[in-house]
Amino acid sequence: MGREVDIGPFVRFKEKYLESVLSGRKRVTVRYGVVKPRLSLIYIVCCDKIYAEALITRVYYTELGKLGEEVVEAEGFTSREELINELREIYGEVGDRDVVTVIYFTVVRKYDKPVPLKRLNKAHF
């Protein structure tokens with residue numbers, strides 16, 4: 001199983017990860033398949049609201065089984081198994097030979113109040 005998708009300008013996170021993203025503890029997101037960011041400046045989105053802007057600083061592709069501990073830690077997980085279980089919850093069955101995208105990012109601007117996505121004119125994106 002594999003997939004290839006473009007993302008941007010919005011990168012979505014589950015609510016349980018939002019505080020880690022905004023605080024800088026979570027600086028990586030691992031996504032299933034080949035994910036190609038269209039832009040280096042992205043909006044951090046959760047629950048259909050924009051909370052921050054971030055810069056993508058590095059993107060690479062690897063097999064899930066080859067992810068190192070530094071990625072697991074930067075993702076905010078305590079073990080590879082925890083990360084793999086989260087990926088399975090989101091994407092279904094994934095295996096060590098499946099390709100994943102590792103996206104490093106740095107939050108550069110946090111909003112005082114989140115901005116509802118529906119307030120933006122998506123035609124600009």
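Residues in the sequence shown are numbered consecutively from 1, following UniProt numbering.
By construction, the Cβ of each residue, glycine as well, lies at the ideal position given by its N, Cα and C atoms.
Quick caveat, the model's predicted, so the values are computed rather than measured.
Relative to the C-alpha of residue i, which candidate in the options has its C-alpha closest?
i	options	result
ALA54	ILE90, ARG109, LEU87	ARG109
GLU73	SER20, LYS118, THR57, LEU39	SER20
LEU18	CYS46, ARG80, VAL94	CYS46
THR57	TYR51, TYR111, PHE105, GLU4	PHE105
ASP96	LEU67, GLU15, ILE50, ILE90	LEU67
ASP98	TYR61, LYS16, ASP112	TYR61
Please work out which residues of its chain come closer than 8 angstroms, Cβ to Cβ, to residue i, disregarding the five sequence neighbours upstream and downstream, and give them in chain order.
i	result
ALA123	Residue placement at ALA123 cannot be trusted, given a pLDDT of 44 that sits under 50; what the coordinates show is reported in the next sentence. Around ALA123: no qualifying Cβ.
VAL107	VAL21, LEU22, GLY24, ILE44, ALA52, GLU53, ALA54
ARG88	VAL94
THR27	Reading the sequence as shown, one finds Arg at residue 27 and not Thr. So the qualifying residues of the chain are ALA74, TYR104, PHE105, THR106.
PHE77	LEU83, GLU86
ARG3	TYR32, GLY33, VAL34
Between the C-alpha atoms of residue i and residue j, what's the straight-line distance to the nearest angstrom?
i	j	result
VAL30	LEU117	23 angstroms
VAL34	ILE7	10 angstroms
Mind checking who residue i pairs with in its DSSP beta bridge?
i	result
LYS49	CYS46, PRO116
TYR104	VAL28, ARG58
Tell me which same chain residues have a C-beta within less than 6 angstroms of the C-beta of residue i, skipping the five on either side of it?
i	result
PRO9	LEU39, ILE42, TYR43, PHE125
GLU86	none
Report, in whole angstroms, the separation of the C-beta atoms of residue i and residue j, which I expect to be a contact under 8 angstroms.
i	j	result
PRO37	VAL59	6 angstroms
PRO114	LYS14	Contact doesn't hold; Cβ gap of about 15 angstroms is too wide.
Cβ-heavy atom distance between residue i and the ligand ADP below 7 angstroms?
i	result
ARG27	Within the structure as shown, the ligand ADP is missing, as the structure has no ligands at all.
Apart from the five residues just before and just after residue i, which ones in its own chain have a Cβ nearer than 7 angstroms to its Cβ?
i	result
TYR91	TYR32
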